[in-house]
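Visitor:
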Ligand SMILES: Cc1ncc(COP(=O)(O)O)c(C=O)c1O
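Residue numbers (the numbering used here): 468 to 794.
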C-alpha cells in the first residue's frame, strides 16, 4: 500500500513546471518538431568527446576542487582577458559551476536576504544606463552572459566586466552548454571581484560543492584553441538566415535576431489568440513546438510572439519552416 505525504506548507505555492518542460513534453507527446527549448540539435565537436575520454582514462574522475579545476579557471581567466580586457584572478575570482542556472541560483542565495529589493528588468543591452542606476548605491549586479559568443551580424558582446563602475559590483555568469553545444553537461562559471566571489563560494560549497571533473579538464584543453568559440556567431548567423529564408512567403512577421539562437515570429496576421494558447494548439495541430514570449514577462505581456530555436540541423529547420509557411 502506498502512503501519501501531505506538505503542510509549500515554500513555492505558486510555482508550477517551467514552460520549457511543458512545451518539450507536449512536443514529445505529439511527435512535433521541438523548436521550443534551447538546445542544439547537432553533435558536439568530436575533438571535445576525445578530450573527455582522455580525461576519464587518465583517472580524472573524482571530486574537483570546490572552485573548479585550476587548469580550467586559468583558461577562463585568460579568455576573459583576451576577449574583454578584464582581469580576474583564477584563484579567487572565478568559480566553475554546474551550469549557469546553478551560478544564478547561488548568486541570488548569496546576496539576497529577506526584505532586500530585487530589480529584474526585461533583456536590455543598455549597460551604460545600468551603470548609472548602480553608481552611488550598494547594488550588486547579476549579469547573465551565457550567449556572449552567439552574437550575429558582426556585432560584439559587451561584457559587464568591461564597464568601469559595473565590474566592481557584478557577478557575471556564463555557460559552457551554450558555447560548446553541450547543454546536457550542465557546466558554467561565475566571475566577480574577490569580495563578492568569496561570499558566492560560501553558498556554492554547500550547493553542489564542485562540478564534474573530466568535462572540466576536457574543456580547459579545448578552450586553448580560440577558433572553437570565436566562430559561433557566424555559424548561428547562417542558421538564422537559412530558417528565415525558408519562412519567406509565410504570414508571420519578424525582425531578424542579432543575438542568441532564437528567432521571434509575430503571428498577429494569423491569430489573435493568447500566445500561451497558440503555442500549445499549434504544437498539437501543426506539430511544431515553440515558446510563448509572454512567459518572460512578470505581467504576462502578450505581444503575439512565439520563440523558435534555430540551433537545429538544416533539414529539421526546413521541415519546420515548411509547416509554418502553410499556417
Ligand atoms: C539566458 C539564459 N541564462 C541561463 C541559462 C541556463 O544555462 P545552463 O544550461 O548553463 O544552466 C539559459 C538556458 O537556456 C539561458 O537562456
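Note that the Cβ used here is the ideal one computed from N, Cα and C, for glycine as well.
Please report how far the alpha carbon of residue 717 lies from the alpha carbon of residue 643, in whole angstroms.
Guide: Taking the first residue of the chain shown as 1, we reach residue 717 at position 250. Taking the first residue of the chain shown as 1, we reach residue 643 at position 176. Their Cα atoms are separated by approximately 35 Å.
Visitor: Skipping 5 residues on each side, what residues in its chain have a beta carbon closer than 6 Å to that of residue 720?
Guide: Translated into positions along the chain shown, residue 720 becomes position 253. Taking residue 720 as the centre and dropping the five residues before and after it, the same chain places the C-beta of 733 closer than 6 Å to its C-beta, in chain order.
Visitor: How is residue 655 classed by DSSP in three states: helix, strand or coil?
Guide: For this step, residue 655 is matched to residue 188 along the chain shown. In this structure, residue 655 counts as strand in the three-state DSSP scheme.
Visitor: Suppose only complete runs of 3+ residues qualify. What are the beta strand (DSSP E) ranges in the stretch 677-756, listed by chain order?
Guide: 729-733
Visitor: Does ligand 1 have even one heavy atom less than 7 Å from the beta-carbon of residue 670?
Guide: Along the chain shown, one-based indexing puts residue 670 at 203. Not one heavy atom of ligand 1 sits closer than 7 Å to the Cβ of residue 670.
Visitor: Taking C-alpha atoms, which residue in 580, 742 and 756 lies nearest to residue 763?
Guide: As a position in the chain shown, residue 763 is number 296, starting the count at 1. Out of 580, 742 and 756, 742 has the C-alpha closest to the C-alpha of residue 763.
Visitor: Cβ atoms of residue 676 and residue 730: under 8 Å apart, would you say?
Guide: On the chain shown, position 263 is the one that residue 730 refers to. On the chain shown, position 209 is the one that residue 676 refers to. Going by C-beta atoms, residue 730 is not nearer than 8 Å to residue 676.
Visitor: Classify residue 520 as buried or exposed, calling it buried when 16 or more other Cβ atoms lie within 10 Å of its own Cβ.
Guide: Along the chain shown, read from residue 1 onward, the residue named residue 520 stands at position 53. Burial call: exposed.
Visitor: Does ligand 1 have even one heavy atom less than 7 Å from the beta-carbon of residue 476?
Guide: As a first step, residue 476 is located in the chain shown; it is residue number 9 there, counting from the start. Checking the Cβ of residue 476 against ligand 1 gives no.
Visitor: Taking the straight line between their C-alpha atoms, what separation do you get for residue 482 and residue 569?
Guide: Position 15 of the chain shown, counted from the start, is the residue given in the question as residue 482. Position 102 of the chain shown, counted from the start, is the residue given in the question as residue 569. The straight-line gap from Cα to Cα measures roughly 18 Å.
Visitor: Do residue 630 and residue 609 have their CB atoms nearer than 8 Å?
Guide: Counted from its first residue, the chain shown places residue 630 at position 163. Counted from its first residue, the chain shown places residue 609 at position 142. Contact flag unset, no.
Visitor: Quick one: Cα of residue 543 to Cα of residue 561, how far?
Guide: As a working note, residue 543 is residue 76 in the chain shown. As a working note, residue 561 is residue 94 in the chain shown. Their Cα atoms are separated by approximately 8 Å.
Visitor: May I have a chain-ordered list of the alpha helix (DSSP H) segments no shorter than 4 residues that lie completely inside the stretch 622-648?
Guide: As far as the stretch 622-648 is concerned, its whole alpha helix (DSSP H) runs of at least 4 residues are 643-646.
Visitor: To which residues of the same chain is residue 634 closer than 8 Å at the C-beta, ignoring the five residues directly before and after it?
Guide: The residue given as residue 634 occupies position 167 in the chain shown. Taken in chain order, the residues that qualify are 553, 627, 628 and 660.
Visitor: So what does DSSP say about residue 775, is it helix, strand or coil?
Guide: Position 308 of the chain shown, counting from 1, holds the residue named residue 775. Note: residue 775 maps to strand in three-state DSSP.
Visitor: Name the DSSP beta bridge partners of residue 500, please?
Guide: On the chain shown, residue 500 is found 33 positions in, with the first residue counted as 1. For residue 500, the pairing in a beta bridge is given by DSSP as 755.
Visitor: How would you write the range of the beta strand (DSSP E) that residue 554 sits in, first residue to last?
Guide: Looking up residue 554 in the chain shown gives position 87. Where residue 554 is concerned, there is no enclosing beta strand (DSSP E), given that its DSSP letter is neither H nor E.
Visitor: Assign residue 495 to buried or exposed, taking buried as 16 or more other Cβ atoms, counted over all protein chains shown, within 10 Å of its Cβ.
Guide: Counting from 1 along the chain shown, the entry for residue 495 is found at position 28. By the neighbour-count rule (16 or more Cβ atoms within 10 Å), residue 495 is not buried but exposed.
Visitor: From the DSSP output, in three-state form, read off residue 650 for me.
Guide: For the purposes of this step, residue 650 is taken as residue 183 along the chain shown, with counting starting at 1. The DSSP-derived three-state label of residue 650 is helix.
Visitor: According to DSSP, which residues form a beta bridge with residue 610?
Guide: Translated into the one-based positions of the chain shown, residue 610 becomes position 143. Its beta-bridge partners are 639.
Visitor: Could you spell out the range, first to last residue, of the beta strand (DSSP E) harbouring residue 670?
Guide: As a first step, residue 670 is located in the chain shown; it is residue number 203 there, counting from the start. First-last for residue 670: 661-674, but that is the alpha helix (DSSP H), not the beta strand (DSSP E).
Visitor: Does the stretch 694-711 come close enough to the stretch 664-683 to have 3 or more Cβ pairs within less than 8 Å?
Guide: no
Visitor: Nearest-angstrom Cα distance between residue 769 and residue 777?
Guide: Here residue 769 is taken as the residue at index 302 of the chain shown, counted from 1. Here residue 777 is taken as the residue at index 310 of the chain shown, counted from 1. Their Cα atoms are separated by approximately 22 Å.
Visitor: Locate the alpha helix (DSSP H) running through residue 519, then write down its first and last residues.
Guide: One-based indexing of the chain shown puts residue 519 at position 52. Annotation for residue 519: the continuous alpha helix (DSSP H) segment containing it runs 513-524.
Visitor: Compute every distance between the C-beta of residue 613 and the non-hydrogen atoms of ligand 1, then say whether any falls below 7 Å.
Guide: Along the chain shown, read from residue 1 onward, the residue named residue 613 stands at position 146. Taking 7 Å as the cut-off, one finds at least one heavy atom of ligand 1 near enough to the beta carbon of residue 613.
Visitor: In the DSSP output, what is residue 561 paired with across the bridge?
Guide: Taking the first residue of the chain shown as position 1, residue 561 is located at position 94. Residue 561 is bridged to 658.
Visitor: Select from 577, 752 and 511 the residue whose C-alpha is nearest the C-alpha of residue 686.
Guide: Here residue 686 refers to the residue found at position 219 of the chain shown. It is 511.
Visitor: Beta-carbon within less than 6 Å of residue 650's beta-carbon, same chain only, minus the 5 sequence neighbours each way: which residues are those?
Guide: Reading the chain shown from its first residue, position 183 is the one you call residue 650. So the qualifying residues of the chain are 506 and 644.
Visitor: Drop a sphere of 10 angstroms on the beta-carbon of residue 606, count the other beta-carbons inside from all chains shown, and report buried for 16 or more, exposed for fewer.
Guide: Within the chain shown, residue 606 is the residue found at index 139, counting from 1. Residue 606 should be labelled exposed.
Visitor: Within 10 Å of its beta-carbon, does residue 748 have 16 or more other beta-carbons around it, so buried, or fewer, so exposed?
Guide: Against the chain shown, residue 748 aligns to sequence position 281. Exposed, since its Cβ has fewer than 16 Cβ neighbours within 10 Å.
Visitor: Could you check whether residue 787 and residue 486 sit closer than 8 Å to each other, using their CB atoms as the reference points?
Guide: Numbered from 1 along the chain shown, position 19 holds the residue referred to as residue 486. Numbered from 1 along the chain shown, position 320 holds the residue referred to as residue 787. Not closer than 8 Å, so no.
Visitor: What are the start and end residues of the alpha helix (DSSP H) that includes residue 615?
Guide: Reading the chain shown from its first residue, position 148 is the one you call residue 615. From DSSP, residue 615 is part of no alpha helix (DSSP H); its letter is neither H nor E.
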